[in-house]
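Just so it is clear: in the sequence shown, position 41 is 620 by the working numbering, and no numbers are missing. Quick reminder that beta carbons are idealized off the backbone N, C-alpha and C, glycines included.
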Amino acid sequence: MSKEKFDTLCLFGLTVEYPRSWMFMTSAKQNTFSNGRVNLIGEDILVGLLWEHLKHHEIDLQGYRDKIKKSLEKKEKRFSLLSSNSIEINGHPAFLENMETAGRSGPIGLRKEPVHHIHCIFFCPESERFITLYTSLLPKLRGEYEYIVNRLYSTITCIH
């Protein structure tokens, strides 16, 4: 997988590198600078990039992270937070979290096996947006996709 050619997705002030062979999908809703979601889909892996405009004084990064976690706990079967680390993205504090759920709908889902998720969440004060980049894949494929997943998380940037 390390020989895979990559392209750069750049929209609404966000960039991330992804494998050229993957499919790019937008949500049914309209995407704007303030709010949106796109998905990148490879074989047995789903990547989501979400952004949401909220002023930092309305909710802080920890509060936003907790809101996402509660939503996942409610929505997903057998949700388990495996690890949570504080990191930095573009000079912004961020959380990088590993989670596991029972199967999921979508290109990876409708399986009875667990699904492994990695979420990276940060706040960009210049654009007043919370940005989430996540990957979902089967745990047995983590090694196979490690290079790509690391590249996704190391290339996510916000351009203010």
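Same chain only: Cβ atoms within 6 Å of residue i, ignoring 5 sequence neighbours per side
{"i": "Leu660", "result": "Met678"}
{"i": "Thr605", "result": "Val617"}
{"i": "Glu774", "result": "Outside the shown range of the chain, which is 580 to 739, sits residue 774, and nothing can be said about it."}
{"i": "Ser613", "result": "His632"}
{"i": "Phe658", "result": "Leu651, Glu652 and Thr680"}
{"i": "Thr594", "result": "Thr587 and Thr736"}
Cβ shell of residue i (< 8 Å), same chain only, five flanking positions each side left out
{"i": "Arg730", "result": "Phe585 and Glu596"}
{"i": "Thr734", "result": "Thr587, Thr594, Val595 and Glu596"}
Same chain only: Cβ atoms within 7 Å of residue i, ignoring 5 sequence neighbours per side
{"i": "Trp601", "result": "Leu619, Ile620 and Gly621"}
{"i": "Pro672", "result": "Leu640, Ser665 and Phe701"}
{"i": "Ser684", "result": "Bear in mind that the predicted position of Ser684 carries a pLDDT of just 45, short of 50, making it unreliable; the figure below should be weighed with that in mind. Excluding positions up to five away in sequence, the list is empty."}
Nearest neighbour of residue i, chosen from the options [CA to CA]
{"i": "Glu631", "options": "Glu707, Val694 and Ser663", "result": "Glu707"}
{"i": "Lys648", "options": "Asn669, Tyr713 and His739", "result": "Tyr713"}
{"i": "Ile710", "options": "Glu652, Asp623 and Leu675", "result": "Leu675"}
{"i": "Leu629", "options": "Glu637, Gly670, Val694 and Cys703", "result": "Cys703"}
{"i": "His698", "options": "Gly722, Ser663, Tyr724 and His739", "result": "Ser663"}
{"i": "Glu705", "options": "Lys719, Thr611 and Asn669", "result": "Asn669"}
Bridge-paired residues (DSSP) for residue i
{"i": "Val595", "result": "Leu588"}
{"i": "Ile668", "result": "His671"}
{"i": "Val694", "result": "Thr680"}
{"i": "Leu712", "result": "Leu628 and Cys699"}
{"i": "Thr736", "result": "Thr594"}
Proximity of residue i and residue j at Cβ, strictly below 9 Å
{"i": "Lys654", "j": "Ala681", "result": "no"}
{"i": "Leu625", "j": "Ser715", "result": "yes"}
{"i": "His695", "j": "Arg721", "result": "yes"}
With a floor of 3 residues, list each beta strand (DSSP E) that falls wholly inside the stretch 604–663, ordered by position along the chain.
614–621 and 624–632
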